[in-house]
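Chains as they are written, first to last, in our numbering: chain A, 1084 to 1620; chain B, 76 to 448.
In this text, a Cβ means the ideal position worked out from N, Cα and C, and glycines have one as well.
Worksheet for the structure shown next.
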Amino acid sequence: MLTRLTGGRIVDPSNGRDDIGDLWLRDGRIVARPDGAQADETHDVTGCVVMAGGIDIHTHVAGTNVNTARLLLPELRAATAAESVPITETIGRLYAAMGYTMVVEPAISPHVAPQAHLELADIPLIDTAILAVLGNDDYLLRLMAANEGGAAVADYAARVLSGSRAIGIKAINPGAAAAFKSNMRSFGLDDAVPNSDITSRAIINTLQAATETLGLPHPLHLHCSNLGMPGNAETALATMDAAGDTRLHIAHLQFYAYGKEGKRGFSSAAPRLAEAVNAKRNITADIGQVMFGQTVTISSDVLRQFNARGSARPRKSVIIDGDGNGGGIVPYRYRKTDFFNAVQWAAGLELFLLINDPWRVFFTTDHPNGAPFTAYPDLLALLMDRSVRAQHMETLPREAMEVTTLASITREYTLPEIAIMTRAAPARLLGLADRGHLGTGARADVAVYRTQPDIAAMFRDAALVLKDGVPIIRDGVPVARPFGRGVTVRPEFDTAINRGLSDFYERVYGVSHAAFDVPGAEVLGRSQAFEAVPCRT
Amino acid sequence: MTELAKAWLNGQPVAPARAAAAAASLLAASRSAVLAGLGTDVAGARASVALARAIGASIDHMDAEAVFANLEVMRRAGWIVTTPLQTRARADVVLLVGDGLLEAWPDMAARLALSEAPRVTGGGRQVVHLCPGAELAESTATPRVMATPGPAIHVLPTVAAGKLVLPTLAALRAIVAGRNTSLDEAAAASLRNLAATLTAARFGVIVWSSATLDTLAVEMLCGLIDDLNRTTRFAGLPLAPANGAEAVTQTLTWTTGFPPRTGFAAPAPQHDPWRFDAGRLIASGEADAAVWISAFSPKPPDWEPTIALVPAGTAFPTPPQVVFEVGCPGRDHDAMLFDPALGGIAFAAASTPSATASVAGVLAAITEALPPC
C-alpha cells in the first residue's frame, strides 16, 4: 500500500525540512518518492502543516493511582473528570485527535506495573510506555546501605525494568516516601532516610549511574524534593548541580520555579531556572504547565500529597503508603483569581519562553497535575502568539503578574520549534530512532493540521492523523480503531541479582519477587508484541 | 471458545456455538438486561463491558455490597491505606477489626507474619484483634466465630452494649482524640490501653474486611486513622471482597470510569449503586434478562438467571435457558487476578490447565453472535 500526502507544509526539523511538498508512505513507514509508482491512496493536504506524530513524555494516564482518582471523583465524571482522569478509550481518542501517536506514563511503581500495563493495553490508537519508579524501594535502599556497589544497583535496575516492561527509570522525591513511613514530614535533597545515612542526593546519583551503566536511552527522570513550596527554586538549582555532568531529566520544572519575593512571599524564580538549564547541557526538563480549571493531582510524591490534603477541592483525598513510593490523589482547582495559581501559570510560560533550546524543554502539563492534556492546544496558542498571552494576563491578578517577568517576554514559538519540542526531541530523549521525524524509514506516524488563525483550533482537531500509515483521525474524529504497541527497553544484566532479590522478598515480604512481573503482550490483551528500544552501546 | 467447551440449551447439551447464538438471541430480544455475579478475571470483566455496551445492559458484582462498604467511604471522605507488603515489613502495631478476616484472606496471619517482627524497621510487633465475634446490628443472630487464632494476638472484645462494633470504634476514636465517652470505667480502661498502644505506634496498620463491616464502621476506622496521623503514622489495610471483586472493580473503572452497578443504556455510562443493583433490578422486574457469571463459585444466586456462566457442579433450582461451563481463572486458564498477598493485580498462570472455556471466551462468542443493530 503506497500512500501520498500532497501539498502540505512539511515541518521535519530532524531532517532540516520545512517546505511545501509530498510525503510518501508504504507499509507503515516513510519512504522516498518512488520512481514512477502510482499512489494507492492520495491525501490532498494543501493548506496544512505536516509533522511527525506527537510524543508526550510525561502524562499520568494509567496505573493504580490514576484509577484511584477515577474512583474518587464520580461526581466530576460528567463534567471535568472526563478530561482530568479520562477512561482508556477516551485517552486514546483525545490524544490521537490532537495528532499525538505515543505517550509515556511516567510513574509506575514496579509492584503495580501489571495493572498499569493492562490499562495501557486498553488505550486505542496510540503507542504507550511506562517509566518504572525506583528510589524509595526497600531493596535499593538496602543495596545502598550495604554498599553493594554500582554494578549491583545497575543489575537490580535492569531486572526491574525487564520485569515491569518499562522504558526508563524515574525517581520521585527519592527517600521521602520511605522517610514518611517513619513519620518524617519534610524531606530535602540532603536529608537522610531514617536509620541510614542515605540522602536524596545519594539516591539520585546512584540511579543516574545505573542509568548510564545500562546505557538506557532515557536519562534518569527525576521528580525533585520540595515540590510546590515557596523558595524551592533553590532545591531545583541544587539538584541540577548535584547531577554533575551526567544526564538528568527534571520533570515538571514549573512546580519548582518559585521564589519568596514580594508581599506574599511567593514569586516566580523561572528566569533563574531557565538560565541554569541554558547553561547546563546535561539537563533536560519538561514544564508541567498550569492551566486554570478543575483537575486532580495524582502523584507518587506521597509526602507532598499528604501535606497538600488541606487544599483538596472537593475536600477529600487518598493517601497510599505503597511499596516503594505509593502516592496521593488530591483533587484541586486552579483559579484565575488566585494569586498563587496565577504565579504558577506565569512561571511555566516563562520557563518555556526563556529556555533557549527546544531540544531540551518538553511540552507537558504533567497531566492532570497542572492541567488535563486536553489543554495542550490552548497552551500552544499561548506559546506561539504573544497577543494571546497578553489577553490572558489582563484577566489575572496584577499583583501576581508583578512577581514574574512574563509581560516582558516577546518570544513566540515557531512551528519548527513546536515540532522539535513535541516530536523530535521526545523521540530522541526516549531513544526512538524511527519516531519523531519524517525521514525515510521512519514509522509512518503523521499528524496533519489545518493552518488557521486560531492556533488552539488548529491543534485540537487534527485534519488527518496516520498511525503506522493508516488514517485514524479525520478532522478530529476517529475513522479507525487500531491498537498501538507497548514500548520497552531490555538492558542486559547479571541474573545473579535474582538470588539476592529472591531471598530478600521471601524473607521480608513473604512473596516471590517474580510475582510482580508483567506477563507477555497476549496475556495483557495486546494485539501486538512489545517493541524493545535498543540501549546505547 | 474451544471445541471442548460445554454448554446446555434448555437443559440439553449443545455445541457451544449454538448456545452462544441462543444466548445472543435472548439478549438481543431483551429490553433491559443485567450482567450479574461477575465472578471473573480482568479479561472476563473487559468482555462483560463489551457485551453490556453492545446490548445496553447494566453490570453488577455479587460482592458489590462489600465493595461499596469501602468505596462509599473512600469517595466521600478519602482515606489513608497501605499494602500487605508494607504491613508485613514495617507495622509495629496491627489492629485487626471485626470478623471475616480469615474468610477474606485465609493466609492472612502467615502472609502478614503477624507473629514475627517487622523486617525492615525491626523492633517488636503488637497485634490486637478488636471486636471479634461482634455484631453489625442488634438483629443479627449468634455471634460469629472469632476468626484469628494465635497466642501472639491480644483479643479485645466489644465493650459497648449489644456487642456492636460501631459504638466500640466510636469510643476508641473519642478516647484517641482525648474526648469523653459514655462507657463505664472498666470498658473505658481497656480502650484507653489500646488507644495508648495506637498513639505510641510508629507505623500502625488497621486491617478490616468490608464483607463484615458496614460503611459507618469503615468511616469510623478511616477517621481514626486520620486522627492518628496528626502525630504518628497509621494506615488502613482493607481486605478485598471475594469472587474477584477487586480486579473487576479496577477493570470496570479504567474502561467505563465507574465501579460495578453501572448501566450502558445511555450514550455515556451511568453509575448508581441503587438503580443498578442486580438483585433489585431482578426482584422488581425491571430487568427482563439476567446473565449470571460466577467462575470462582458454584453457588447459584437466589433468583433465576436466563443465562449462566458457571463452574461444573453448579446446581440451579430451575435451570437457566442457556448454561456454559467455565473454568476457574488461574487454575484452568491463565489470568490476571487481584492477589491479596501482593496487594495488586498480578499474573496467575493456570495451575492445572484445562480446555474448559473462560468467561471472556464465552462472552466474546455471545457478543460476536449478536445480530447487527
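Residue i versus residue j: straight-line alpha-carbon distance, rounded
i: P88/B; j: K81/B; result: 7 Å
i: F1422/A; j: M1484/A; result: 9 Å
i: T115/B; j: V323/B; result: 7 Å
i: F333/B; j: D1205/A; result: 15 Å
i: A192/B; j: G173/B; result: 23 Å
i: L62/B; j: A249/B; result: Examination of residue 62/B is not possible in this model, given that chain B is present from 76 through 448 alone.
i: E210/B; j: L299/B; result: At E210/B, the pLDDT of 47 sits below 50, so the modelled position is not reliable and the matter cannot be decided from this model.
i: R163/B; j: Y1592/A; result: 6 Å
i: V1601/A; j: Q1535/A; result: 45 Å
i: K1363/A; j: E1158/A; result: 45 Å
i: W1442/A; j: G1410/A; result: 31 Å
i: W1107/A; j: S1167/A; result: 37 Å
i: S107/B; j: V437/B; result: 20 Å
i: L1155/A; j: T328/B; result: 11 Å
i: R277/B; j: A320/B; result: 32 Å
i: D1238/A; j: D1328/A; result: 23 Å
i: A1352/A; j: A1510/A; result: 29 Å
i: Y1222/A; j: S133/B; result: 44 Å
i: A1508/A; j: T1184/A; result: 14 Å
Closer than 7 Å at the beta carbon, the chain B residues around residue i
i: Y1592/A; result: L160, R163, A164
i: Q1198/A; result: Q325, G419, I420
i: M1266/A; result: For clarity, residue 1266/A is Asn in the given sequence; the question names Met instead. Ordered by position in chain B, the residues that pass the 7 Å Cβ test against N1266/A are R277, T307, R308.
i: I1170/A; result: W329, T330, T331, G332
i: V1195/A; result: G419
Any chain B beta carbon closer than 8 Å to residue i
i: E1202/A; result: yes
i: A1598/A; result: yes
i: P1602/A; result: yes
i: S1247/A; result: no
i: P1649/A; result: Since the first residue of chain A shown is 1084 and the last is 1620, residue 1649/A is not available in this structure.
i: R1153/A; result: yes
i: T1147/A; result: yes
i: S1400/A; result: yes
i: N1150/A; result: yes
i: D1210/A; result: no
i: D1221/A; result: yes
i: D1384/A; result: no
Under 8 Å from the C-beta of residue i: neighbouring residues of chain A
i: T157/B; result: I1403, D1404, G1405, G1409
Contacts of residue i in chain B (Cβ-Cβ under 8 Å)
i: V1606/A; result: D409, M411, F422
i: D1280/A; result: Correct list: empty, because the minimum Cβ distance to chain B is about 17 Å.
Residues that DSSP places opposite residue i in a beta bridge
i: E1188/A; result: I1213/A
i: H1445/A; result: Going by the sequence as given, residue 1445/A is Phe instead of His. Partner(s): D1369/A.
i: T400/B; result: According to the sequence as given, residue 400/B is Glu; it is not Thr. According to DSSP, which records beta bridges pairwise, E400/B is partnered with V385/B.
i: R1112/A; result: R1109/A, R1526/A
i: Q345/B; result: G338/B
i: L1203/A; result: BP columns for L1203/A are empty, so no partner.
i: G119/B; result: G119/B is not bridged to any residue.
Amino acids of chain B, ordered along the chain, whose beta-carbon sits closer than 9 Å to that of residue i
i: P1157/A; result: R150, G332, F333, P334, H346
i: D1205/A; result: R121, T326, W329, T330
CB contact check: residue i to chain A, cutoff 8 Å
i: A188/B; result: yes
i: T328/B; result: yes
i: W55/B; result: Lying outside 76 to 448, the shown extent of chain B, residue 55/B is not represented and no answer is given.
i: W154/B; result: yes
i: L303/B; result: no
i: A416/B; result: yes
Interface residues of chain A facing residue i [CB-CB closer than 7 Å]
i: V117/B; result: L1201
i: R194/B; result: R1590, V1591
i: L146/B; result: L1154
Is it a yes or a no for the region 342-353 of chain B touching the region 1188-1196 of chain A, going by three-plus beta-carbon pairs under 8 Å? Contact between the region 342-353 of chain B and the region 1188-1196 of chain A is not established, with fewer than three Cβ pairs separated by less than 8 Å.
Using 8 Å as the Cβ pair cut-off and three pairs as the minimum, do the region 1526-1540 of chain A and the region 1130-1138 of chain A touch? Enough Cβ pairs lie closer than 8 Å, so yes.
Do three or more CB pairs link the region 376-389 of chain B to the region 359-368 of chain B at distances below 8 Å? By the Cβ rule, the region 376-389 of chain B counts as touching the region 359-368 of chain B, because three or more pairs are nearer than 8 Å.
So, do the region 1197-1213 of chain A and the region 1180-1189 of chain A have three or more beta carbon pairs nearer to each other than 8 Å? Here the region 1197-1213 of chain A makes contact with the region 1180-1189 of chain A; the two share three or more CB pairs at distances below 8 Å.
Counting Cβ pairs, one atom from each stretch, are 3 or more of them under 8 Å apart for the region 1251-1263 of chain A and the region 1397-1413 of chain A? These segments touch.
For the structure I just gave you, are there three or more beta carbon pairs, one from the region 1555-1573 of chain A and one from the region 383-403 of chain B, closer than 8 Å? Because the criterion of three Cβ pairs below 8 Å is not met, the region 1555-1573 of chain A and the region 383-403 of chain B do not touch.
Could you say if the region 1383-1397 of chain A and the region 272-286 of chain B meet the contact criterion of at least three C-beta pairs nearer than 8 Å? No, because fewer than three Cβ pairs between the region 1383-1397 of chain A and the region 272-286 of chain B fall closer than 8 Å, the two stretches do not touch.
Determine, using beta-carbon pairs with one atom in the region 1449-1468 of chain A and one in the region 1332-1339 of chain A, whether at least three such pairs fall under 8 Å. A contact between stretches requires three or more CB pairs, one per stretch, nearer than 8 Å, and the region 1449-1468 of chain A meets this requirement with the region 1332-1339 of chain A.
Using 8 Å as the Cβ pair cut-off and three pairs as the minimum, do the region 1109-1123 of chain A and the region 1540-1553 of chain A touch? Yes, the region 1109-1123 of chain A is in contact with the region 1540-1553 of chain A.
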